[in-house]
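For reference, the structure discussed in these notes is given below.
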Amino acid sequence: MKYLFIDDRDIEEIDNLARKLHQPEKFPGNVAVRPEHRWENCGIQIRTKPAWDPQDECFKLIYLASAEGPDAEVKLDATGAPAGGQGFYCYATSTDGVNWEKPFLGLHDYEALLWNGKPIGGENNILPSAQGMLLGPIFDPGEENPDRRFKGLAYRGGELEPLVSGDGLHWGNPGLAPLSSADESHLILDEERKLFIATVKHGGPYGRSFFLTTSEDFENWSEQELIFHADQVDQENGCERLQRFFDDPAYLTPVYNRPEEWRTDVYNFPVFPYEGLYLALPVMHHWSGKHPPMYENVDSRKSVELASSRDLRHWERVADRAPFLEHSPVGDGSAYDTGQIVTTSGPVVRNDELWFYYVGLKHRSLSIADTLNREYLDAGAVCMARLRMDGFVSLKGGIEWGSVLTGPLTVEGPELRVNVDSWRGQVKAEIVDAEDGRVLPGFSGEECVPAVVDSIDAPL
62 MKYLFIDDRD IEEIDNLARK LHQPEKFPGN VAVRPEHRWE NCGIQIRTKP AWDPQDECFK
122 LIYLASAEGP DAEVKLDATG APAGGQGFYC YATSTDGVNW EKPFLGLHDY EALLWNGKPI
182 GGENNILPSA QGMLLGPIFD PGEENPDRRF KGLAYRGGEL EPLVSGDGLH WGNPGLAPLS
242 SADESHLILD EERKLFIATV KHGGPYGRSF FLTTSEDFEN WSEQELIFHA DQVDQENGCE
302 RLQRFFDDPA YLTPVYNRPE EWRTDVYNFP VFPYEGLYLA LPVMHHWSGK HPPMYENVDS
362 RKSVELASSR DLRHWERVAD RAPFLEHSPV GDGSAYDTGQ IVTTSGPVVR NDELWFYYVG
422 LKHRSLSIAD TLNREYLDAG AVCMARLRMD GFVSLKGGIE WGSVLTGPLT VEGPELRVNV
482 DSWRGQVKAE IVDAEDGRVL PGFSGEECVP AVVDSIDAPL
């Protein structure tokens, strides 16, 4: 069992130490999966992290590809998606989580699907049975039916339709009832509790808010209940963060700036289990002004925060709501996450690190000039950032000694091990009796060999 410093549940006293939030480091180049083909020339998006398939020994990723413009005319017959700037769900695989292949599957073979007047046939990686805003694939290791190893929810017109698959390629609904939701939701599986968890978007306090529903069998879902929404502090933080994009020329300036319309709500709320608690990556949505001509949506910028919970229903903001993941500067124009960031359902554990896959979009809104210049092309990709294992929050020391006293802890094994970076200092521990505070013989701080090391698993 690991004990983290994300909240104060296991801490009784902290002296001369500061809690510090650590942001994940963006991968060199920052991009895991980028647009390559004509049916994804606008960009690609995901809402679910890659799923490891132990049978095929690879990661599987399903992503939304969109196509527009005169070089990407889309025409489908009645069995396909409507014509005109439509999206397709596509399939990619990887053995290492970094280098991705997009195998041509031969599953989408409509003669009416044209690129520059020529049918592409089956030479594509499109999944015709997985259309809709798919939340998945989720690999279910406890599923006994081989045809239901993978699960997902597909957003289709105000509802989330449950889908299952045996291979991640062929999807269908085995007759399960849909869930109510707006367009942004997330699905995860808590394997330890054998619990499917969906966070779904509806209107609530201050606008976009998130509700919880859970299921033990992927068939019967609990009544949806409000668990997370913005508040007045978010409005103040949002104004400060939004102002930076108008003041700092290094960042992409929103197209629309109407201060009277500035506000903050919650765009996404993916949650995931982690070492005995639940963490969330709320995407805070900072409005800068509504879109013309209908003014039904808004221009904005986003910041990703970190929240924690012990029961999925009561959430605490971590590190005074400091940003966990932020937009990149425009730089040389190669970065995708300059206009929007959308997080996925938790990290992938890889190489003793936590890898976060997220959507980076170069724009939220486009000016008329940008539209005429076709800046909407190549505008979205799957980005990556990595964090030290368990490295969300640390207790940082200074020149003088600091200390932390925990509450009673249950430990197993012959020694204590710590995740520590103490090259510029040292870390020692002592164990005291939980009832009277006496130091246990042989476990005093004076007898402890200090850790002077940078390690995620150092013995004390």
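Quick note on the numbering used here: the sequence shown kicks off at 62 and runs consecutively. Beta carbons: idealized from backbone N, C-alpha and C, even for Gly. Source: prediction; values computed, not measured.
Review point. Should Val465 and Ala519 be called a contact, given that it needs their Cβ atoms to be closer than 7 Å?
Key: Against a cut-off of 7 Å, the Cβ pair of Ala519 and Val465 comes out as no contact.
Review point. Can Met345 and Thr314 be called in contact, C-beta distance under 7 Å?
Key: no
Review point. Which runs of the alpha helix (DSSP H) spanning at least 4 residues fall entirely within the stretch 365-443, listed in chain order?
Key: 429-433
Exercise for review: Buried or exposed for Leu303, please, with buried defined as at least 16 other CB atoms from any protein chain shown within 10 angstroms of its CB.
Suggested key: buried
Review point. What three-state label does DSSP hand Phe279 in the structure shown?
Key: coil
Check your understanding: Distance, Cα to Cα, Gly498 vs Glu491?
Key -> 11 Å
Review point. Contact check, Arg425 vs Gly400 under 8 Å by CB: the rounded distance?
Key: 5 Å
Check your understanding: Between which two residues does the alpha helix (DSSP H) carrying Leu303 extend?
Key -> Gln293 to Asp308
Check your understanding: What's the gap between the Cα of Glu253 and the Cα of Glu321?
Key -> 47 Å
Point to revise | Beta-carbon proximity list for Gly468, same chain, < 6 Å, skipping 5 on both sides | key: Asp71 and Glu73
Practice item. Measure the C-alpha to C-alpha separation of Ala383 and Gln84 and round it to an integer number of angstroms. Key: 10 Å
Check your understanding: Taking Asn77 as the reference, which of Gly463, Asp515 and Glu184 has the closest Cα?
Key -> Gly463
Check your understanding: Whose C-beta lies closer than 6 Å to the C-beta of Leu237 among residues of the same chain, with five residues either side of it excluded?
Key -> Only Pro223 and Glu280 meet the Cβ criterion.
**Study point:** Segment limits, beta strand (DSSP E) that includes Lys212
**Key:** Counting along the chain, the beta strand (DSSP E) containing Lys212 begins and ends at Phe211 to Tyr216.
Check your understanding: Taking the continuous beta strand (DSSP E) assigned at Glu74, which residues delimit it?
Key -> For Glu74, the enclosing beta strand (DSSP E) has its first and last residue at Ile72 to Asp76.
Check your understanding: DSSP on Pro320, reduced to helix/strand/coil?
Key -> helix
Review point. In angstroms, rounded to a whole number, what distance separates the CA positions of Glu301 and Ser364?
Key: 12 Å
**Study point:** Alpha-carbon spacing of Phe504 relative to Ala79, whole angstroms
**Key:** 25 Å
Check your understanding: Trp484: buried (16+ other C-beta within 10 angstroms of its C-beta) or exposed?
Key -> Flag for Trp484 reads exposed.
Practice item. Give the straight-line distance between the Cα atoms of Val92 and Glu284, rounded to the nearest whole angstrom. Key: 38 Å
Exercise for review: Please name the residue or residues paired with Ile249 in a DSSP beta bridge.
Suggested key: Ile258
Review point. Among Met450, Asp201 and Leu82, which has the Cα closest to the Cα of Asp515?
Key: Met450
Point to revise | Identified DSSP bridge partners for Met345 | key: Val327 and Ser364
**Study point:** Cys119 - containing beta strand (DSSP E), residue span
**Key:** Cys119 to Ser127
Point to revise | Residue closest to Trp282, alpha-carbon to alpha-carbon, out of Gln296, Tyr267, Ala259 and Asp295 | key: The residue with the shortest Cα to Cα distance from Trp282 is Ala259.
Practice item. Measure the CB-CB distance between Thr275 and Leu196 and report whether it falls below 7 Å. Key: No, these two residues do not count as a Cβ contact at 7 Å.
**Study point:** beta strand (DSSP E) segment containing Arg80, residue limits
**Key:** Ala79 to Leu82
Practice item. For the beta strand (DSSP E) containing Tyr335, list its first residue and its last residue. Key: Run containing Tyr335: Val332 to Tyr335, per the beta strand (DSSP E) assignment.
Review point. On the three-state DSSP scale, how would you describe Pro202?
Key: Pro202 falls in the coil class under three-state DSSP.
Exercise for review: Rounded to whole angstroms, what's the CA-CA distance from Ile107 to Tyr150? Just pull it up for me.
Suggested key: 9 Å
Exercise for review: Give the secondary structure of Ser242 by DSSP, where H, G and I count as helix, E and B as strand, and everything else as coil.
Suggested key: coil
Check your understanding: Around the Cβ of His375, are there at least 16 other Cβ atoms within 10 angstroms (buried) or fewer (exposed)?
Key -> It counts as exposed.
Exercise for review: Could you please give the first and the last residue of the uninterrupted beta strand (DSSP E) stretch that includes Glu222?
Suggested key: Glu220 to Ser226
Review point. Does DSSP classify Trp100 as helix, strand or coil?
Key: Three-state DSSP puts Trp100 in a helix.
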